[in-house]
Structures are given as structure tokens and as C-alpha cells.
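Here the structure is laid out as C-alpha cells; the discussion comes afterwards.
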Amino acid sequence: MPARNPVDHTPSNTSSVIDPVGQSEWQQQLDHLQAENLRLQQKIEEVTSIAVANESIWRHFLEIERILFCTRRFDLLVEELLGEIKRRFQIDWVLLFLTHPNVMERFFPDLPADGLVFDQGARLMAVHWEELDEVFHDGDRPVIADEETIRGCPCLPEEVRDSLHSGVWVPLSFHGVVFGALFLGSGRAERYQPGDSTDLIEQLGIKIALCMENCLSYERIKDLTLLDPLTGLVNLFQLQGMLELEFRKAYRRGTPLSVLLVDLDSFQRINESFGPDTAVAILQHAATLLQKICREGDLVGRYGSGEFLVLLPGADGDTVAFLAETFQQVLRKSPFTEHNTAILLQATIGWATLDDAMARSYDLLIAASTELYRAKLTRPYRHPAPPADSCTP
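Numbering of the sequence shown is given in the numbering used here, commencing with residue 15 and proceeding in unit increments.
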């Protein structure tokens, strides 16, 4: 009888069966992981998209800040600012409302009632703060405006109200100094919605106000260095610089140059008799009259206590003599009046014209001062005869 193989190769009646319940749980876990992975990928893409958008926004803000801190002239600041905001943020309307009286009088004295349009959708307007106070309700944070609010805002021009569906008001103030407000408007209702963060735009408003204050400070400092505080005319320092400039120009081009030196008679006595306030008012009165008789391109400045100096580029001896006589006539016919009191004014005038013997600009002043002194000695006033060699080289 053959030996039996200890290993039985006969097929068994039982087989390995996978548990359907366990397979279903495994599949559910896999699906859950795949769904979670998809959500994470979407979240990463969303965060990345937000980061890219924020980076772009920051770059826009940085470029706007560059304009703010590189511009000293207020009028140029306004024009560049509005245009840059509109272009970079793709906003339908950008309006700047100014309330600061010094700003309006100095930079935009002739601003039309409907504002100044710099570009389509960029406009500067003047407004009383009381009107803006209705927008901010005594607050100092940006205010988001929906379509209904925009429609009911009297500050906004009708064409703006009719074309916008959302917007944001940004106050412009710095250390308690209120300059006005910036309004950004969009034709899309979803552009500005309640609950949107306004932190960045608030910081922009503060920086705009800061730069406006810097522009005003720069103008004040420039006034102190260039203008006489009593009359508003250029001061002695500026006069000397302009005289030197015109002197060199006249020599280089071979054109005439004259100066007119005006001294108000008895100004010290007027100051003592009527007081410093009246004396200052008389100075301002005389300065206004002198400016009226001058030609375009002439420069009038305060030279001393009661003295004025007029630079007359292109004026020969005949022209300056005529201007001197004209001013005397105007002065005699225009007394200063205050509290029903008329003060008759007189002036002594000396003038000089550039000639070959003058090597320095100061020589022209010396010649005019000499003629002024001669005129004082030979009153009543008469014009000194033009020197024979008054022609320019």
C-alpha cells in the first residue's frame, strides 16, 4: 500500500472571506480623508489668494504713501493722490472734501461750487464740517455707506449719488486738526459692505491728513523766509536774491534793469501819533497802491521800516520815471482812512537804472539810495534827471 502524503492537497470546502462591514468603514475613512485633504487644499488656495491680494493692496498703499511724503505742494498732492487712488484701486469715484479754511484760501481760493475735476471720477470739493458731521456722527472712524445712505447724502453731487451703490467715508484729521474727508464710491453694491475691515483705509486717512499738515507747515516756513509778515510782500532777503538774479540776467542779455526805492514820509511820526496798528495798516495800504501801478513781471518788496523796493526788469530810465510819478499821483489821491479820519500820505522816491559803471547788483541799490537822499534834500519832490549813461551795456 503506497505511503500517504502527509500534506493534503485536497481542496477544502472553506475559503477566506473579507468582512463587508470592515471594508465599508475603511472606505468611509478614506473618503473622509480625501474630502478633508480637498478642503485643506481649498483653504490653502484661499489663504494664498488672500495673501497675494493683501500683498498687492500693501504695494498700492506703499506707492500712495510715497506720493504723500514726496510732495510738498498741496495742490499737486491733491491731484496726484486722487488720481493714484482711483487708478490703483479701480474705484469709480474718488472725492476729496476740504473744510480747512486756510487750505481753501491759500490753495483753492476760486474753487467752483461744483468742485474741481482732476480726472473723470476724481474731484475736489469744499464743504462745511457740519455737513460731514452728519456722516461721521461725531466719530473719527471710517463709515461704510450703502446705496440708501448715498442717495440721501447732500454732500455728494447728484451725478455721483445716482451712479453709486456702495462707498466708504474716511475722515482726514491729525492731532485734532480737521482737513475734511475722503469718499471712495463704487457702482457695485458688494464692493463696500457693513462689517468690512476699515483699518487700512483709516491709516491711509491719518497719513493723508499728516501730509496735508506737512504741506501747510512748509508753506508757513516758506512765508517766514520769503515774505514780510506785515505786508505780505517779499522780504529784504528775498529781494536781495532776486536783485542779484535779475542783475546777472540783464548783463548777460543786454537788457535794461531799474529799481525804484520808495520811502513813506513821516512814517515814524505816524507810528508814534496813531499807534502801531494804524502804521501797519498804512504800510499795507501803500503796498497795495504800489502793486497796482506796477507792470506784470515787476517785483515789489518791503525794504525797510517805511520803505519799499521795486525791481523793474526791462525798464529803462523813462519807464521808471513814469512809474515814480504815477505812484506819487495815486498816493496823493488815495489817502488812508480810518474811523472817519483821513491821513494824507506822501513819499520820497529814488530810482536808478543799470549802467556800465555798475559791477555789482548792490551798486544799483546805492545809486537809488543816493537819488532818494537827494530827493529828500530838494523837496517838494521832483524826479532826478536820468543819467546820460543810463543805457544798458
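Using N, Cα and C, we set each Cβ at its ideal position, and we do this for glycine too.
Cβ neighbours of residue i in the same chain (closer than 8 Å, five flanking residues each side left out)
| i | result |
| --- | --- |
| M118 | L112, L125, A140 |
| S180 | I158, A159, D160, E161, I164, G199, S200, R202, A203, E204, R205, Y206, Q207 |
| L345 | A300, L303, L359, Q360, A361 |
| T340 | I307 |
| E233 | F88, R120 |
| P20 | Annotation note: pLDDT 48 at P20 (below 50); position unreliable, no value reported. |
DSSP beta-bridge partners of residue i
| i | result |
| --- | --- |
| A195 | F111, P185 |
| R316 | F322 |
| I164 | Answer is none; I164 lacks a bridge partner. |
| R137 | L109, V131 |
| F350 | I357 |
| A159 | G181 |
| I363 | V276 |
| L271 | P327 |
| L241 | V248 |
| S200 | S180 |
8 Å Cβ cutoff met for residue i and residue j
| i | j | result |
| --- | --- | --- |
| D86 | C229 | According to the sequence displayed, residue 86 carries Arg and not Asp. Result yes, Cβ atoms of R86 and C229 sit closer than 8 Å. |
| V248 | V324 | no |
| L186 | G153 | no |
| G328 | P270 | yes |
| C167 | R175 | yes |
| G331 | T367 | yes |
| E321 | D277 | yes |
| W183 | F132 | no |
| L240 | Y317 | no |
| K100 | V108 | yes |
| V191 | E227 | yes |
Residue i versus residue j: straight-line alpha-carbon distance, rounded
| i | j | result |
| --- | --- | --- |
| E144 | A264 | 54 Å |
| D237 | L178 | 42 Å |
| T355 | L244 | 22 Å |
| G268 | H189 | 54 Å |
| D370 | S383 | 18 Å |
| V314 | L303 | 11 Å |
| T351 | L259 | 38 Å |
| F197 | H114 | 16 Å |
| F122 | E59 | 49 Å |
| L54 | H46 | 12 Å |
| R120 | F88 | 10 Å |
| L379 | I296 | 24 Å |
| Q56 | E50 | 10 Å |
| S211 | D128 | 31 Å |
| Q282 | A373 | 34 Å |
| L90 | L130 | 13 Å |
| I215 | Q41 | 50 Å |
| P349 | F193 | 41 Å |
| E39 | D213 | 49 Å |
| I284 | M256 | 31 Å |
| G289 | N116 | 29 Å |
| E172 | Q134 | 15 Å |
| Q37 | L44 | 11 Å |
| Q48 | Q104 | 39 Å |
| T11 | Q343 | The first residue shown for the chain is 15 and the last is 407, placing residue 11 beyond what the model contains. |
| Q298 | Q217 | 44 Å |
| C169 | D106 | 17 Å |
| H353 | R266 | 51 Å |
| L326 | I235 | 27 Å |
Same chain, Cβ closer than 6 Å to residue i, five either side skipped, listed in chain order
| i | result |
| --- | --- |
| L146 | A195 |
| G364 | L275, A382, E385, L386, A389 |
| F261 | S375 |
| I222 | L186 |
| D403 | Residue placement at D403 cannot be trusted, given a pLDDT of 36 that sits under 50; the coordinates are not used to answer. |
| T392 | none |
| S319 | none |
| D242 | N249, R316 |
| S231 | none |
Close beta carbons around residue i, own chain, < 7 Å, minus the five adjacent residues each side
| i | result |
| --- | --- |
| H397 | Annotation note: pLDDT 40 at H397 (below 50); position unreliable, coordinate value reported separately. Only A335, A338, E339 meet the Cβ criterion. |
| E286 | none |
| V294 | L244 |
Residue i beta carbon near the ligand ADP (any heavy atom closer than 7 Å)
| i | result |
| --- | --- |
| F336 | The model depicted lacks the ligand ADP and carries no ligand whatsoever. |
Requested in this report: Decide yes or no for the touch test of the segment 132-145 against the segment 86-102: beta carbon pairs closer than 8 Å, at least 3 of them.
Outcome: yes
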